[in-house]
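Residue numbers (the numbering used here), protein chains in the order written: chain W, 1 to 489; chain B, 10001 to 11080.
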Amino acid sequence: MQKILILILFIPLLIFSFSCTKNLSSLNNDPKNPLTVPSGSLLVNGEKNFSDALNSTANGVGPFRVLTQSWTENTYVSEARYILSAADAPSGWWNAFYSNTPGTAQTTSILNSLNDAKIAAAKDVTDQDVLRNDLIITDILEVYGYSILVNTYGNVPYVQALKDSIPFPAYDDAKTIYYDLLHRLDTAIAGLNPNAASWGSYDQIYGGDIGQWKKFAATLQLKLATVVADVDPATYSKYVTSAVNTGVFTSNADNAIIQYQGSPTGNTNPAYQTFITRHDYSPANLIVNTLLAWNDPRLPLFYTQFQGQYTGGVPGAGNGYVKFSQFSPGWLDPLLPGDFLDYSETEFLLAEAVERGIIVGGTAEDHYDKAITASILFWGGSATDAATYLTQPGVSYSTAAGDWKQKIGYQQWIAFANQGWDAWTSIRRLGYPDIDNINPPVGANGNLPRRFYYPNNEETSNSVNWAKAVQAVSGGTTDDVSTNLWWEK
Amino acid sequence: MRKIRFLVSIIVLLLFQHAARAQSSWITGNVKDSTNNSIPFATVAVKGTGKAVTTDEKGNFKIEASKGSTLIFSAAGYSPREFSVEGNAPVYIYLENKKLQEVVVTALGIVRTKNSLPYATQQVSGEEITKTLNTNFVDNLSGKVSGLQITASNTIGGSTNAILRGFKSLTQNNQALFVVDGVPYDNTNQSQNGFDLGNAASDINPDDIASINVLKGAAASALYGSRASNGVILITTKKGTKRKGVGVTISSGVTVGSPDKSTLPVYQTQYGEGYGSQGYDPAYPGQSGFFYYTPTFNSNGQPVNVVQTDVDAATGPAYDPGQLVYNWDAFIPGDANYGKATPWAPAAHHNPTDFFETPVTTATNISIDGGDENTEFRVGYTRSDDMGLLPNSTLVKNLISIGGSHKITDVLTVGAVLDFSDVAGIGRDGYTYSSQQNPMMDFREWWPTNVNIQDQKTDYFRNNSNATWNRLGGYTDPSTQTVAYHNNLYWNRYQNTEDDDRKRILGNINVNYKITPWLNLFGRVSTDQYNQFVEYHTAVGSVHQSSYSRYNITYGETNYDLLLTFNRDISKDLNLKALVGSNIRRVDNSSIFATTNGGLVVPGVYALANSVNTPAAPIETQSTKEVDAIFGGVTLSYKDFLTLDATLRGEKSSTLPVANNTYYYPSISGNFVFSKLLGDLGWLSYGKLRANYAEVGGDAPVYSVQNTFQYVAPFNGQPTSAPPVINNNPDLVPEKNRTYEFGLEASFLKNRVGFDITYYHAQQIDQIMPISVSTSSGYGQYFVNGGTVQNEGIEFTLNLTPIKNRDFSWNIALNWSKNNNTVLSLYHNQPSYLIANYGFNTQLVAEVGKPYGVIRGSDYTYVNGQKEVGADGYYILNPNSLTDIGNINPDWIAGINNSFNYKSFSLSFLIDIHQGGSVYSLDKDFGDYSGLYPSTAGNNDKGNPVRSPLSQGGGIILPGVTADGKPNAVYVSASDINQGQFPFSSYNNFADKSYVYSASYVKLREVAITYSFPSRIVNKIGFIKGIDISLTGRNLWIIHKDLPYSDPEQGYASGNASIGFQVGAYPSVRTFGFNAKFKL
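And the structure:
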């Protein structure tokens, strides 16, 4: 009896004991997250994140509209005073391109999505011609992404970046990277095959249209080459000429934009997302007053009136939300497209090329007028509005104040009202508007930053390479935002 | 509910009355040991009759005996004593400790004599844990065990960190393992979305705990395997006892709390809401701009002074009761001041104490136990209700436990335990930097004193609206106002609530088969399962978009244990014990999180379907982990004074790559009771030396060997996915913890003085961790075997009994420990590694050669140790914004408990000391920025207000020296933050270093006065066998601390980055309690 009892009691336990999972390692397969995904789904992510970063309003990611006085801050004014450490935008901006850290709100990034899209495409795209187009398009976007990093920080990880086996990539020389990027665009333009398909509807910018991507690559080449115009006129001339020969944007229809959605909230324009709950920004007085002075038709397209007037906040000072113009419903529309590169900018660059003596066809004024007109049309103004505006003495190319740098600089800055990073680069390149002198922020911490310092995480978690990069860029041990990048004279 | 509880108590009382009424002639009494501690479960027998009873937990007994008969008192570990009965007077018997025979529960529930123990353990009785009423018993371990660092949170049901012998793992769990009656008890911190839901070990019913044994080192816990590498807190629950009838214990307690004022902010009351001259308007050049000068809806078009209600800082205009202004309440329809200008003065009720409620905890426990020769059982029920400091916060626990065993035959016993708990919280305390979740963020960082909290309350309750003090615009038409940054505090508490519920079952069935007297087979299946359901609400009309989110977590752990033990005397002097066993552990985790999108359509309906836009797909997780283990051990004891122990455990873990998933690790330990050899020295009662070496292997967290992509919401109809942010590693190998330890135990003068000193040295090698890498690698973290952390330290306990006689005794128990923590190496020879970002520009970092947990942030430059000030009067900060400015590890921790017993009274008090370590206070930093604290106001050395313009003699001299070492004498302006004239806070001219404080404290942690009604009184009541009444106090007095306005112990939930950082810290709460315990 007792033995039977013992058997009854212990046998089930013994059975359980030996019923342990035969193949324990199968438990490492996560049933909820995939090992592989369609390559196109990664491209979508890369493009969307790219647009989100360029349009970010977060003071911890892209405070560029605030730095360039298109927007300014209402009460918490660190970025307006060039105190970047408060919200640590240099980390947020860097991570938006390379990769985020686990646990942060935004967990996906641009370059690693694009890089993984290429790796995945090599496996899931069977037609070699299509694959070639896919890789080239992704490469063009990567070039754009790296150009922004290089022109924000100086030296950045490039050759060793985005490699699974290299946790602590070394930094490469900014100029070397930059020339490689220009060269990569040549390769891309030559390699695109109009007779084969590509990403198709995964591509949020051009729906996989090879002809458009070729134009984009050429226009990007024009844009990137212009940055080195002051320090290397020969390279500048070479690439501008070849870009124009390839064919750059010729109308707003060519614009590289991403269409945002009305919902879910995460798929709306980032500016809209910000203003749902917070009211941290007002238009800055400099841009509002500039538009006012020239009767700019974009004024009502950009802003609402406050008590019957257009007024902007003072950069660096606290600006009661209750005292100023606010952003127009159009600007805060969830559907406002994200702008990568547009026709207006193309024409400004061509105007500059004429002024710099490159033969690109047309006069500087011609290109300048087209650029402004394109911007006004893009924001919803009419051709008539634009024509009237161009007759304003302060606007007309023949009568506007200053040299070509000032004329183009001011107008490009207005056209870049919602493209903060480009506005920053334009000011750094052309020197206009000369914020440091004409409207320095109240309580400014030095002058307008010429670069970003490296992320804190680099200092702590990639410290050896970080120290070398700081030495190379700033010539010392202090990671200094007032250091000019290599292309600034 | 309370009525029902009362009814149940009455019924229980009635039911068991008959058990007592029948008897007539009783001897009552109490059994204590030589140090005056009660001896529970001692046997009291009447010689020659076979009649016997056991004492209860307090050592009380009651037995029927006739005059002239002899009582025999005996208990395990004590020398028996006889006593002849002469009358009815209560009998107080002291039994001499046979110290050598004292038993201790060790790993796997194996009971060993203390004598044969070769490693450090420390026991705490259930009584000590329940001395003061606290629904989280882990808090009550503070100061009672050397080497155990308890960091309690002050919030309702909040988290408690329990760290033994320092931080070992850089990134994984550092918390001790909880084991209840041999069954691992999950202690995962289930805090979600910034609300502190506490650590799951707090589900354990403190009233069920008979004793707690703390296994501190690897040797002690080696048999539990990798998960025990942080030490084990081993809980033995109360069991049924062999007795006549049944025993019923009813205890009920109530505690009432109040916030400790020294842990609350003190405000400057010279300046109110505003952001300097932000309101400046060129149209009114005569106005300073410290108010908006603008017409309001009822000022007939005339501009009047309006408080800058859109900002949340106290950097506004100086109070001036003679000046009438439109304050926030002028724009709240229905408010008594609606449309009225009122004097500009601090509000009468602006302190957090005006907001807090009185925390009340009530707890009632009923337990019934009984048994006979073959069967024993115990059932218990505890209900506790916590009402927190914050309005509308409650935590209700219902805990049921059932346990018993039955001897089927002489050699076969079966037992079962089933515990059910239901823990439900409403309005838990948020701990993040979020005003909606954490009102302390308002009170410590962004708060002007012109806000009257009572008016906020009235305004909210008038029609349950978000009538906040912090509004945007709408001065000409109040209906157009919107919330700026902060909701009405009451709106947050009553509308934007979190609520949660965790239902948990812990059970096991066990079988014990005594094959021969020296060979025993034990089997057990145990399971720990819970479901947690959490809901979050953001009401329509809040600062944030309205939303409803729900989070369901399912956790389950099942263990299958088989254990064969051998115990035989090989010769007269040599005893051999051996064991072999196996354990299979399966842990299943899954969760689903879903949230609305774009707001709620119908206000007040919290359902996913009530979403403006189609909700995104819920986020799901699911994982299973299995560890299969076999283990064996041998213990050789020679003459009860030399013991040699060896164990080996092998594990196969599912979380490691197949090639490396099996690992073995040994331990060896020995001890030597030298006092046995010395014979009776008189002064030396006991002496023992012990030494051990142990290794413990460890596996990886689940899903750390291969990379997976993440799904993202489709974009424009296209499937979207994102790359992993952690680079997992298919080449992980098991990590290893190597420890050696030496200890000396001795007691003197008949055990009146005793100490135990331990030195330990532990290295955690090849730690498996996700290490922060350069994000330019394409990943935020790499999962690697990457780093070695060393902990070495000394633990010291001292027991003193300065006075002991029949009526009075005084005991002192001292625990002291010091742990030195060093990061020896990091992955890839990196010099440093980021553990966590502490808020805005400060980091928690591991650096090679330094203790784990260095705080980094901005610092000053120094001249001769003094802060350097430039010619402009401002500090010159170190150009490197990340320098080491603190370290979270304490230098040492200690607890001193004094207890006094006089007849039926006992008094004890515990002082808890925490020396050293740093804490960075974001609260103070941001509060300085917003001008909240007195350090940003007051008068300067000229007797003028600091915030007056320099031209009016205002300004402040920042303490420091110029480059040549001379004291700074330049005044800097603090007159207008809007113009950059406000040097305070790390946002302005101060460094983060200014906000790093010593975390040291000395606290009067516990005071308890207990009165046990003497049996002669109790006996008159009849059916009651014992009544204890106690008055207790907890956290009564912070005797010393350096951190201003806050409790240095207050953490940031639990986990590795929870210590050393304060944001929105809750105050320490003093509690006073009353407890009554009846035994039937």
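Beta carbons are placed, not taken as given, at the ideal position from N, Cα and C, and that holds for glycine. Quantities reported herein were computed from a predicted structural model and do not represent experimental measurements.
Inter-residue Cα distance where the pair is residue i and residue j
i	j	result
L10642(B)	S10669(B)	11 Å
P10184(B)	K468(W)	50 Å
Q10070(B)	V10256(B)	Note that residue 10070(B) is Thr in the sequence shown, not Gln. Their Cα atoms are separated by approximately 48 Å.
L11031(B)	P11067(B)	23 Å
Q10023(B)	F11013(B)	Residue placement at Q10023(B) is flagged as unreliable, the pLDDT there being 41, under the threshold of 50; a coordinate-derived value is accordingly withheld.
V10053(B)	G10886(B)	59 Å
G11064(B)	F340(W)	41 Å
D479(W)	L10844(B)	21 Å
P10635(B)	L10390(B)	It should be pointed out that residue 10635(B) corresponds to Thr in this sequence rather than to Pro. Roughly 54 Å between the two C-alpha positions.
S10611(B)	L220(W)	42 Å
R10444(B)	D10923(B)	6 Å
Identity of the residues DSSP links to residue i by a beta bridge
i	result
G10380(B)	S10367(B) and S10401(B)
L10832(B)	According to the sequence displayed, residue 10832(B) carries Ser and not Leu. Bridge partners of S10832(B): E10847(B).
T284(W)	According to the sequence shown, residue 284(W) is Ala rather than Thr. In the DSSP output, where bridge partners are listed per residue, A284(W) has G313(W).
A10107(B)	According to DSSP, A10107(B) bridges with nothing at all.
S10125(B)	S10211(B)
G338(W)	I258(W)
Cutoff 8 Å; reference residue i; Cβ partners in own chain excluding five residues on either side
i	result
R10032(B)	The sequence as given places Lys at residue 10032(B); Arg does not occur at that position. Only S10038, I10039, G10059, Y10092, I10093, Y10094 and L10095 meet the Cβ criterion.
F10461(B)	Y10490
Expected contact under 8 Å - CB spacing of residue i and residue j to nearest Å
i	j	result
K10523(B)	D10561(B)	According to the sequence shown, residue 10523(B) is Gly rather than Lys. At roughly 7 Å, the Cβ-Cβ gap stays under 8 Å, so G10523(B) and D10561(B) are in contact.
K10625(B)	V10587(B)	5 Å
A10694(B)	T10739(B)	5 Å
D10628(B)	L10656(B)	Their Cβ separation, rounded to whole angstroms, is 12 Å, which puts D10628(B) and L10656(B) out of contact at 8 Å.
P10730(B)	S463(W)	Between S463(W) and P10730(B) the Cβ distance is about 27 Å, and since that is not below 8 Å, they are no contact.
S533(W)	N95(W)	Residue coverage of chain W in this structure runs from 1 to 489, which leaves residue 533(W) outside it and unanswerable.
Y239(W)	A256(W)	Not quite, the Cβ-Cβ distance comes to about 19 Å (not below 8 Å), so this is no contact.
G313(W)	N285(W)	6 Å
Q10175(B)	N10230(B)	6 Å
N10365(B)	D10203(B)	Between D10203(B) and N10365(B) the Cβ distance is about 15 Å, and since that is not below 8 Å, they are no contact.
A10222(B)	S10777(B)	Wrong, their Cβ atoms sit about 37 Å apart, outside the cutoff.
Y10326(B)	A10341(B)	6 Å
Cutoff 6 Å; reference residue i; Cβ partners in own chain excluding five residues on either side
i	result
Y178(W)	V150
I9957(B)	The structure shown does not extend to residue 9957(B), since chain B is modelled only from 10001 to 11080, so the question has no answer here.
I114(W)	For the sequence presented, residue 114(W) should be read as Leu rather than Ile. Answer for L114(W): G46, T138, L141 and E142, listed in chain order.
Proximal residues to residue i (C-beta, below 7 Å), its chain only, five neighbours per side dropped
i	result
P10615(B)	A10594, T10595, T10596, N10597 and L10608
L301(W)	S328, G330, W379, G380 and G381
I10408(B)	V10414
P10934(B)	V10266 and Q10268
Okay, do the region 184-196 of chain W and the region 135-142 of chain W touch, 3+ Cβ pairs below 8 Å being the bar? Result yes; three or more Cβ-Cβ pairs closer than 8 Å.
Give a yes or no on contact between the region 389-397 of chain W and the region 28-37 of chain W, applying the rule of three or more CB pairs nearer than 8 Å. no
Pairs of beta-carbons, one from the region 305-317 of chain W and one from the region 344-359 of chain W, closer than 8 Å: are there three or more? no
Contact between the region 10148-10166 of chain B and the region 10265-10284 of chain B: three or more CB pairs below 8 Å? no
Three or more beta-carbon pairs under 8 Å between the region 10213-10224 of chain B and the region 10114-10123 of chain B, yes or no? The region 10213-10224 of chain B, when compared against the region 10114-10123 of chain B, does touch it at the 8 Å Cβ threshold.
Would you call the region 10502-10520 of chain B and the region 10417-10426 of chain B in contact, with 3 or more CB pairs under 8 Å? yes
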